[in-house]
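Just so you know, the protein sequences line up as chains A and B, in that order.
According to my numbering, the residues represented by the first sequence are 1 to 353, in order.
According to my numbering, the residues represented by the second sequence are 354 to 841, in order.
For reference, the structure is listed below as structure tokens.
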Amino acid sequence: MNNLRNSVKQFLGKIMKNIKTFFWNLRRAVNNRKKKISDFLDRKNLNFAGKFPGWAKALIYLAPALIVLSIFTFWPIINSLRLVTFENYNIVNNDITGYTVFGNFIKVLNDESFLFEASHTQGTAIMNTLIIVFISVPISIFLALFISVALNSIKFLKNFFQTVYFLPYVTNTIAIGLVIAYMFKADGGLVNQLFGLGKFPWVESGAEHWRSMFVLIFYSIWGSLAFKIMVFLTSIQGIDKQYYQAAAIDATPRRRIFSKITVPLISPMIFYILVTSVIGAFKIYNQIVALFGVTGKPDGVDYTMQSIVMYIYKYIDGGNNLSVAAAGSLILFAIILVLTLVQMQVSKKRVHY
Amino acid sequence: MFNKTLFDKSNKLEKITFIFDVLAIIAYVTLFIMLFNTLQLPPIDPLTGEIVMSDIETYPLNLVYRFMSFDLTYYQLNLLISITVIFMLVAIPMLAINIKKLRTRTVYDVNSYVAGSKFVNAIINLISFNFVGSILRVINMFVLVEFVKGYKPKEFFKSIIPAIKTKIKKMKEKNVEIDEDIDDQAVITLKKHIKHQNTASAFRLMSTYLFLVIMALIIVVPFYWMVITALKNYTSASSTNPEFFIGLSRMNWINFKVVLEEMNFGLYLKNTIIVAIFSTLGTVITTILSAYAFARIEFKGRELLFSILIMTMMIPGELYIVTNFITVSRHGLGWIGTENNQYFLAMIIPFVTSISYIFFLRQNFKQIPESLYKAARVDGCSDFKYLVRVMVPIASPTIFTITILNVFSSWNAYIWPRIITGIGGEEAKAYWLISNALRDTTFMLETGQVMHNLQIAASTLVTVPLLIIFFAFRKYIMNGIGRSGTKG
Numbered sequence: 001m002n003n004l005r006n007s008v009k010q011f012l013g014k015i016m017k018n019i020k021t022f023f024w025n026l027r028r029a030v031n032n033r034k035k036k037i038s039d040f041l042d043r044k045n046l047n048f049a050g051k052f053p054g055w056a057k058a059l060i061y062l063a064p065a066l067i068v069l070s071i072f073t074f075w076p077i078i079n080s081l082r083l084v085t086f087e088n089y090n091i092v093n094n095d096i097t098g099y100t101v102f103g104n105f106i107k108v109l110n111d112e113s114f115l116f117e118a119s120h121t122q123g124t125a126i127m128n129t130l131i132i133v134f135i136s137v138p139i140s141i142f143l144a145l146f147i148s149v150a151l152n153s154i155k156f157l158k159n160f161f162q163t164v165y166f167l168p169y170v171t172n173t174i175a176i177g178l179v180i181a182y183m184f185k186a187d188g189g190l191v192n193q194l195f196g197l198g199k200f201p202w203v204e205s206g207a208e209h210w211r212s213m214f215v216l217i218f219y220s221i222w223g224s225l226a227f228k229i230m231v232f233l234t235s236i237q238g239i240d241k242q243y244y245q246a247a248a249i250d251a252t253p254r255r256r257i258f259s260k261i262t263v264p265l266i267s268p269m270i271f272y273i274l275v276t277s278v279i280g281a282f283k284i285y286n287q288i289v290a291l292f293g294v295t296g297k298p299d300g301v302d303y304t305m306q307s308i309v310m311y312i313y314k315y316i317d318g319g320n321n322l323s324v325a326a327a328g329s330l331i332l333f334a335i336i337l338v339l340t341l342v343q344m345q346v347s348k349k350r351v352h353y
Numbered sequence: 354m355f356n357k358t359l360f361d362k363s364n365k366l367e368k369i370t371f372i373f374d375v376l377a378i379i380a381y382v383t384l385f386i387m388l389f390n391t392l393q394l395p396p397i398d399p400l401t402g403e404i405v406m407s408d409i410e411t412y413p414l415n416l417v418y419r420f421m422s423f424d425l426t427y428y429q430l431n432l433l434i435s436i437t438v439i440f441m442l443v444a445i446p447m448l449a450i451n452i453k454k455l456r457t458r459t460v461y462d463v464n465s466y467v468a469g470s471k472f473v474n475a476i477i478n479l480i481s482f483n484f485v486g487s488i489l490r491v492i493n494m495f496v497l498v499e500f501v502k503g504y505k506p507k508e509f510f511k512s513i514i515p516a517i518k519t520k521i522k523k524m525k526e527k528n529v530e531i532d533e534d535i536d537d538q539a540v541i542t543l544k545k546h547i548k549h550q551n552t553a554s555a556f557r558l559m560s561t562y563l564f565l566v567i568m569a570l571i572i573v574v575p576f577y578w579m580v581i582t583a584l585k586n587y588t589s590a591s592s593t594n595p596e597f598f599i600g601l602s603r604m605n606w607i608n609f610k611v612v613l614e615e616m617n618f619g620l621y622l623k624n625t626i627i628v629a630i631f632s633t634l635g636t637v638i639t640t641i642l643s644a645y646a647f648a649r650i651e652f653k654g655r656e657l658l659f660s661i662l663i664m665t666m667m668i669p670g671e672l673y674i675v676t677n678f679i680t681v682s683r684h685g686l687g688w689i690g691t692e693n694n695q696y697f698l699a700m701i702i703p704f705v706t707s708i709s710y711i712f713f714l715r716q717n718f719k720q721i722p723e724s725l726y727k728a729a730r731v732d733g734c735s736d737f738k739y740l741v742r743v744m745v746p747i748a749s750p751t752i753f754t755i756t757i758l759n760v761f762s763s764w765n766a767y768i769w770p771r772i773i774t775g776i777g778g779e780e781a782k783a784y785w786l787i788s789n790a791l792r793d794t795t796f797m798l799e800t801g802q803v804m805h806n807l808q809i810a811a812s813t814l815v816t817v818p819l820l821i822i823f824f825a826f827r828k829y830i831m832n833g834i835g836r837s838g839t840k841g
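In structure tokens, the structure reads:
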């Protein structure tokens, strides 16, 4: 029995070996042929592959990305500058009534509920956006700082808390927004129930502007904490332990450690987060849609919660006057550009170790 | 010193246990699917072709459900489904954690706590009807006890009571020691100081934890409320006094069935998965290729091109959307608004590349030493081969992070799909992605009230896959974001 098995094994082994040698020989032959061809080409000075210039090679690698980017990123930048000069651009029949230079910008700025309040509604796009920027961004940065310092000071359950705080990052803004709106419902909502507020309307008919704004700010902070905590925690963990040991020897109180060691040392990261979250707050849109609907105006209230981006999308949605949308987005771009430049200047002077 | 054979035996036992764990999980899943299919929707109204929404609450209550030759009431059926879901929720993470532990465990990691955790696992298996797994785990525990302490099972049972006694004795001795040596004034004051400091630090720790717990509650409560509401029926979801807890038999799993089948969320989920897969595939390929070009290939104007790309990151996406809308519509590429509706193309192609990911991956590629590239070139490795064989494997964690983040962002895409499908009218509804379906579906009763329980059930359906992916790949996602500081 054993003998038979051995002989079968040997036989199979031989076959396998033969097949392997065959393929190796084949490969060697092909390579030889290749080498001969390339030698021949070299001799005749015909080998272009060896002289392939860098940019051509790079172009092959970059082509897929560059084609898509040029259609959907670079062309829009040029085209939006072209679009704002059109008067009443209509997407359906692709025609315009004339050309203007500043007409569309003036139209945006004069539009009711963008910069100036309309007679029948409270709240403008600029005002709402600025409230979000100047209230929710500082609060969320401070909260994130405190949480990440607290997280850094504990050992037990640290990973658990870190995971929990990260949860909002991986959720769908619309889905959780619907839940938050349901939690703030006047009749039988969780918040009114917990705090015994009765039938206090937050986001429905009968609510006031500041109440809806409170819910929006709460939701935007809730959603943006995760990313900030993660970045702050990583940079705090990167601080040299010696600073803290020196502070511990001097029995420095925790408040002073926080303000004199932790914050200055991670100030570059804080400024980075400040820039990105201010820009993000200027682009707030999904949260408003989730809480207040596509129009940004809950049923039966006399105010609007629309932001700058929502104003822009209002014009894209109808497809009737895309020039105004382009003008609005250029204004948004200008605001973001100015803010970024200012913050870069400030951070150059103020961020220090 | 270590008994290697016992350790190997324990590992082998653990591997056999996994087979039964997997079998149990398969059983739970099939049971869940079968039970879920047993749920019956109300009959379709012949006039509208849809079910009457107000029937959802009353109709299933009075039915008798037949499942494997048992007659079940609605509440019993719901109880069974809830139990299978809980079993799945316990068994799948347990299996994942155990496999991970087994892979990383060495002889030095094994102590009595590992044996104890085996016992706890065995009890959990016993409760979730995985009897074979439970028995195997108990045997494994005894093997580990023998490995750690050298006790055979009999000796182990005998040793339990003396061990507890000695432990109590030790604790008593410690207490006595502290009380004994009060000598002079200096020692007393020193002790007072230490005590004071200890209470202060304990208080500080307590307040830290309190702060963290409160913030964590604020984060978690919306999720909890979402799951609870999704399982309520319409009456209790819209009642003035909402319930904070909900019994296992009162969970209305039919809500998910209504959302998936009647509200077409099954179709929307499918659409979203298609878009997510293709746009992610495209993003990964284009990102790897162009990051490689920017990191390794030298050509004129490389830095200039790259800085132009970086600068475009500052421009708000709304600016692009205005023109992109024209580009994909009738007067541009004609993907939408014409007879041949190529909604998927219009949703995928603009997002098959991302500058921020190119930037992120290029940083990672640059960290790979240049000498590796030169060595490969000397050995006759072509550029493309080097990229595929060397660069991609080294940077695979980053690429994986990019993949997951891109899947997330296309799962959550809202505005672009909505604008595209917004002009198409009724037939464009078949191309909705979940986010705009969530916002634009009317979860209305015939009387005009919003059915919050169904709306929130749909939200849960959208959120749960994200959470599953997050918990499965937590390390990659959190590390990637902490390091890069990029937000998709």
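Here a beta-carbon is modelled for each residue, glycine too, at the ideal position from N, C-alpha and C.
Predicted model, so just to flag it, every value in this text is computed and none were measured.
With respect to the alpha helix (DSSP H) encompassing A:L109, which residues constitute its N-terminal and C-terminal limits? Here residue 109 of chain A refers to the residue found at position 109 when the first sequence is read from its first residue. A:L109 -> alpha helix (DSSP H) spans 103 to 110.
Any Cβ of chain A within less than 8 Å of the Cβ of B:G775? Here residue 775 of chain B corresponds to residue number 422 of the second sequence, with the count starting at 1. Yes, B:G775 lies at the interface with chain A (some Cβ there is under 8 Å from its Cβ).
Which one of B:Q720, B:A590, B:Y461, B:I607 has the shortest CA to CA distance from B:L394? Translated into positions along the second sequence, residue 394 of chain B becomes position 41. Taking the Cα of B:L394 as reference, the smallest distance to any Cα among B:Q720, B:A590, B:Y461, B:I607 is reached at B:I607.
Within 8 Å of chain A by C-beta, residues of the stretch 550 to 572 of chain B in sequence order: Only R557, L558, T561, Y562, F564, L565, M568, A569, I571, I572 from the stretch 550 to 572 of chain B bring a Cβ to less than 8 Å from some Cβ of chain A.
So which of B:A629, B:A728, B:I663 has the shortest CA-CA distance to B:L698? Numbered from 1 along the second sequence, position 345 holds the residue referred to as residue 698 of chain B. From the listed residues B:A629, B:A728, B:I663, the smallest Cα separation to B:L698 is found for B:A629.
What is the C-beta distance between A:V84 and A:L330, in whole angstroms, given that I count them as a contact (C-beta under 8 Å)? Start at 1 with the first residue of the first sequence, and residue 84 of chain A comes out as number 84. Start at 1 with the first residue of the first sequence, and residue 330 of chain A comes out as number 330. Under the criterion of beta carbons closer than 8 Å, A:V84 and A:L330 qualify as touching, at roughly 6 Å.
Where does A:F333 fall in DSSP's three states? In the first sequence, the residue the question calls residue 333 of chain A occupies position 333. Reduced to three states, the DSSP call for A:F333 is helix.
Cβ neighbours of A:M269 in the same chain (closer than 7 Å, five flanking residues each side left out): Here residue 269 of chain A is taken as the residue at index 269 of the first sequence, counted from 1. Around A:M269, the same chain offers V231, F232, S235 as residues with beta carbons nearer than 7 Å, after the five sequence neighbours per side are excluded.
Specify the secondary structure class of B:Q695 as computed by DSSP and reduced to three states. The count along the second sequence starts at 1 and reaches residue 695 of chain B at position 342. Coil at B:Q695, not helix or strand.
Residue(s) in a DSSP beta bridge with B:D424: In the second sequence, the residue the question calls residue 424 of chain B occupies position 71. In DSSP, B:D424 forms a bridge with B:R419.
Could you name the residues of chain A that B:E671 contacts, counting a contact when the two beta carbons are closer than 7 Å? Here residue 671 of chain B corresponds to residue number 318 of the second sequence, with the count starting at 1. Going along chain A in sequence order, the residues near B:E671 (Cβ under 7 Å) are V309, I312, S329, L332.
Sort A:I257, A:E204, A:A327 by Cα distance to A:F102 and report the nearest one. Indexing the first sequence from 1 puts residue 102 of chain A at position 102. The shortest C-alpha separation from A:F102 is found at A:A327.
Let me know the alpha helix (DSSP H) ranges lying completely inside the stretch 767 to 808 of chain B, each 4 residues or longer, listed in chain order. Correct list: 768 to 775, 787 to 793.
Who are the neighbours of B:W785 on chain A, taking C-beta pairs under 9 Å? By 1-based counting over the second sequence, the position of residue 785 of chain B is 432. The contacting residues do not exist; B:W785 stays about 12 Å from chain A at best.
Nearest by alpha-carbon distance to B:N624: which of B:W785, B:T459, B:G690 is it? To locate residue 624 of chain B, count along the second sequence from 1; it is residue 271. Here the closest residue by C-alpha is B:W785.
Applying the criterion that 16 or more other CB atoms from any shown protein chain within 10 Å of the CB defines a buried residue, is B:P595 buried or exposed? As a position in the second sequence, residue 595 of chain B is number 242, starting the count at 1. Per the 10 Å Cβ criterion, buried.
Under 8 Å, Cβ to Cβ, is there at least one residue of chain B near A:Y353? Mapped onto the first sequence, residue 353 of chain A falls at position 353. For A:Y353, the pLDDT reaches just 48, beneath the cut-off of 50, and the residue's location in the model is therefore unreliable, leaving the point undetermined.
Output, in sequence order along the chain, the residues in the stretch 758 to 771 of chain B whose CB is closer than 9 Å to any CB in chain A. Cβ contacts with chain A come from F761, W764, N765, Y767, I768, R771.
Does the contact criterion of 3 or more C-beta pairs under 8 Å hold for the stretch 642 to 651 of chain B versus the stretch 470 to 478 of chain B? No, they do not touch.
Would you please state the rounded distance, in angstroms, between the beta carbons of A:N104 and A:V324? I believe it to be under 8 Å. Numbered from 1 along the first sequence, position 104 holds the residue referred to as residue 104 of chain A. Numbered from 1 along the first sequence, position 324 holds the residue referred to as residue 324 of chain A. Right, the Cβ-Cβ distance comes to about 5 Å (below 8 Å), so this counts as a contact.
Within a Cβ cutoff of 7 Å, which residues of the same chain sit near A:A175, ignoring the five residues on either side of it in sequence? Along the first sequence, read from residue 1 onward, the residue named residue 175 of chain A stands at position 175. Non-local C-beta neighbours of A:A175 in its own chain, meaning closer than 7 Å and more than five positions away in sequence, are absent.
What number of angstroms, rounded off, separates the C-alpha of B:T839 from the C-alpha of A:V30? Mapped onto the second sequence, residue 839 of chain B falls at position 486. Mapped onto the first sequence, residue 30 of chain A falls at position 30. Caution is warranted here: a pLDDT of 41 is assigned to B:T839, below 50, making its placement in the model unreliable, and no coordinate value can be reported.
Unbroken alpha helix (DSSP H) run spanning B:A583, endpoints: Walking along the second sequence from the start, residue 583 of chain B turns up at place 230. Unbroken alpha helix (DSSP H) run through B:A583: 538 to 583.
In this structure, does DSSP put A:Q122 in helix, strand or coil? Translated into positions along the first sequence, residue 122 of chain A becomes position 122. When DSSP states are grouped into helix, strand and coil, A:Q122 belongs to the strand group.
Hey, A:S136 and A:I217 are a contact pair by Cβ (cut 8 Å); roughly how many whole angstroms apart? Along the first sequence, one-based indexing puts residue 136 of chain A at 136. Along the first sequence, one-based indexing puts residue 217 of chain A at 217. With a Cβ gap of about 5 Å, A:S136 and A:I217 count as contacting.
Distance CB(B:N431)-CB(B:M604) smaller than 8 Å: For the purposes of this step, residue 431 of chain B is taken as residue 78 along the second sequence, with counting starting at 1. For the purposes of this step, residue 604 of chain B is taken as residue 251 along the second sequence, with counting starting at 1. Result yes, Cβ atoms of B:N431 and B:M604 sit closer than 8 Å.
Would you identify the three-state DSSP class for B:I397, choosing helix, strand or coil? Residue mapping note: residue 397 of chain B aligns to position 44 of the second sequence, counting from 1. It is a strand residue.
If B:M579 and B:I809 are in contact, beta carbons under 8 Å, what's the gap, nearest whole angstrom? Locating residue 579 of chain B in the second sequence gives position 226, counting from the first residue. Locating residue 809 of chain B in the second sequence gives position 456, counting from the first residue. With a Cβ gap of about 6 Å, B:M579 and B:I809 count as contacting.
Tell me which same chain residues have a C-beta within less than 8 Å of the C-beta of B:R792, skipping the five on either side of it? As a position in the second sequence, residue 792 of chain B is number 439, starting the count at 1. Cβ neighbours of B:R792 beyond the five flanking positions: Y767, R771.
Would you say A:L291 faces chain B, with C-beta separation under 8 Å as the test? To locate residue 291 of chain A, count along the first sequence from 1; it is residue 291. A:L291 is outside the set of residues whose beta carbon lies under 8 Å from a beta carbon in chain B.
What residue range is occupied by the uninterrupted alpha helix (DSSP H) comprising B:I627? For the purposes of this step, residue 627 of chain B is taken as the residue at position 274 of the second sequence. For B:I627, the enclosing alpha helix (DSSP H) begins and ends at 618 to 648.
Near B:N478, what residues of its chain come up, given a Cβ to Cβ distance below 7 Å and the 5 sequence neighbours on each side ignored? In the second sequence, counting from the first residue as 1, residue 478 of chain B sits at position 125. The answer, listed in chain order, is G486, S487, R490.
Backbone secondary structure at A:Y303 - three-state DSSP: Within the first sequence, residue 303 of chain A is the residue found at index 303, counting from 1. Strand, per DSSP.
Using a cut-off of 7 Å between C-beta atoms, extract the partners of B:R827 located in chain E. Here the protein chains are A and B, and chain E is not one of them.
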